[in-house]
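Here the structure is laid out as structure tokens; the discussion comes afterwards.
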Amino acid sequence: MRETQRETVQVSPLGDDLAFLDVVTEWDMVTVYQDWKTAIVVPPTFLPGSLPRIVAICNQKGGAGKTVTTLELAMALVAQGLRVRIIDADPQQASMSAWLRFFYPEGVASENRKNLKDLYFDDDVTLSDITYATPYEGLHLVPSFPDLEDVESKQPTGTDTLLRFQLRKNDDGIDVTLIDCGPKLGPLTASALVAADDVVIPVQAASGLDVMGAAALDRTIATVKKRLNPDLRVAGVILTDFTRSSLARKIGGGLAKRYPDAVIAPARQNVRIGDAQLARQPLRIFESGATTVLDYDRAARILFTRGR
Ligand SMILES: Nc1ncnc2c1ncn2[C@@H]1O[C@H](COP(=O)(O)OP(=O)(O)OP(=O)(O)O)[C@@H](O)[C@H]1O
Ligand SMILES: [Mg+2]
């Protein structure tokens with residue numbers, strides 16, 4: 620892994636006295652709406668995975684909250700003292716690699732600054748070579764740029780399994796790798812699903828279209844499970860941009876039914892996410908007391924480190 624001389628910021632854990640959402644075992648569709656309380660669903664059949672863990676954050680629908688979810692879960696895990704790597708697997712211009720700052724090692728000429736695309740096209744590049752430090756202690760980024768699209772158009776040999784092969788080496792001591800997928804079910808997303816232990820699906824809490832996007836994702840997950848990665852599972856659904864509404868309640872209820880073994884966790888609406896992006900800071904740093912930050916913190920603990 621490429622180290623730099625720059626100082627990094629230590630991300631602190633949250634205090635214990637904060638108003639988290641309740642944890643329940645099933646989504647409540649019974650209580651009259653006026654009395655309904657939003658909560659995180661952790662079904663009795665859910666098992667948090669062991670570390671190290673590889674997690675694909677997927678929904679083929681654009682704007683579902685994949686990038687926000689990836690970064691805020693990552694920051695929550697780093698605050699718990701874990702070593703975390705984000706892989707930006709989305710070729711879009713203004714995506715994770717534009718939001719999360721990262722440092723190329725000093726003294727490396729710009730033509731030798733490799734990124735995710737090089738992993739697919741250059742046999743001499745390892746995941747370690749393209750894993751860079753960020754301003755946050757324990758958080759690393761594998762960046763990508765719009766030319767990552769070449770992977771989709773050219774599909775170099777081994778596209779499906781290359782990321783899995785590289786990640787299974789894990790010679791960097793990373794505890795959790797989070798893969799931020801793009802809004803497509805093409806070869807890049809397929810290679811993330813082949814590499815992953817878990818899928819986390821973000822769905823805008825009040826968007827019927829995001830739910831439809833997740834339906835297409837289900838078919839891809841089923842195919843990947845059959846052909847290349849039988850142990851893949853949907854570990855969680857994050858209801859992003861969440862406000863309490865009867866539609867959000869209905870959507871949450873439908874998803875809880877569709878993924879009976881997965882954690883269903885709301886991430887409450889925050890109007891300052893755009894400001895945090897412009898400041899190039901995770902929400903956890905930009906507005907550390909935000910309820911959304913608490914929600915992602917709780918979700919990260921339940922999904923990956925419960926019982927540790
Ligand atoms: N908790 C939240 N509160 C308010 N707005 C949110 C929340 N989560 C996500 N959003 C909004 O949704 C937008 C899209 O989120 P994000 O970029 O994470 O989606 P995405 O699925 O990664 O999109 P793409 O498919 O383009 O990669 C954010 O820029 C933000 O404006
Ligand atoms: Mg995104």
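The working numbering puts the first residue of the sequence shown at 620, with every later residue one more than the last.
Ideal placement from N, C-alpha and C gives every residue a C-beta, glycine not left out.
{"query": "Distance cut-off 7 angstroms: A683 Cβ against heavy atoms of ligand 4", "result": "This structure does not include ligand 4; its bound ligands are ligand 1 and ligand 2."}
{"query": "Y929 to G726 span [Cα, whole Å]", "result": "No answer is possible for residue 929: it lies beyond the span of the chain, which begins at 620 and ends at 927."}
{"query": "8 angstroms contact criterion, which T859 and P821 should meet: CB distance rounded", "result": "5 angstroms"}
{"query": "Which residues DSSP lists as bridging R917, in chain order", "result": "Answer is none; R917 lacks a bridge partner."}
{"query": "Contact the segment 628 to 641 vs the segment 691 to 702: 3+ CB pairs below 8 angstroms", "result": "yes"}
{"query": "C-alpha distance - G777 paired with I706, whole-angstrom precision", "result": "18 angstroms"}
{"query": "P802 CB to nearest heavy atom of ligand 1 below 7 angstroms", "result": "yes"}
{"query": "6 angstroms Cβ shell around L746 - same chain, five flanking residues per side excluded", "result": "Q785"}
{"query": "Terminal residues of the beta strand (DSSP E) in which G700 lies", "result": "Run containing G700: none; DSSP gives neither H nor E here."}
{"query": "Residue environment, M715, which counts as buried when at least 16 other CB atoms sit within 10 Å", "result": "buried"}
{"query": "Neighbour-count burial assignment, K773, 16 or more Cβ in a 10 Å radius", "result": "exposed"}
{"query": "C-beta contact flag for L640 and D914 at 8 angstroms", "result": "yes"}
{"query": "Assigned exposure category for D880 - 16 Cβ within 10 Å defines buried", "result": "exposed"}
{"query": "Pick from H759, L767, A809 that is closest to A841, judged by C-alpha positions", "result": "A809"}
{"query": "Best match in V643, A833, V813, L666 for proximity to K685 [C-alpha to C-alpha]", "result": "A833"}
{"query": "Heavy atom of ligand 1 within 7 angstroms of A886 beta-carbon", "result": "yes"}
{"query": "Minimum C-alpha distance to W718 - residue among D850, V830, P754", "result": "P754"}
{"query": "Own chain residues within Cβ distance below 6 angstroms of A658, not counting five before or after", "result": "L640, D641, V643"}
{"query": "In DSSP terms, what T689 is bridged to", "result": "Per DSSP, none; premise fails for T689."}
{"query": "Sequence-distant residues of the same chain with beta carbon closer than 8 angstroms to V744, five excluded per side", "result": "K733, D737, L738"}
{"query": "contact_flag[the segment 670 to 680, the segment 798 to 807] where n(CB pairs < 8 angstroms) is 3 or more", "result": "yes"}
{"query": "Strand pairing of F861, partner residues [DSSP]", "result": "R887"}
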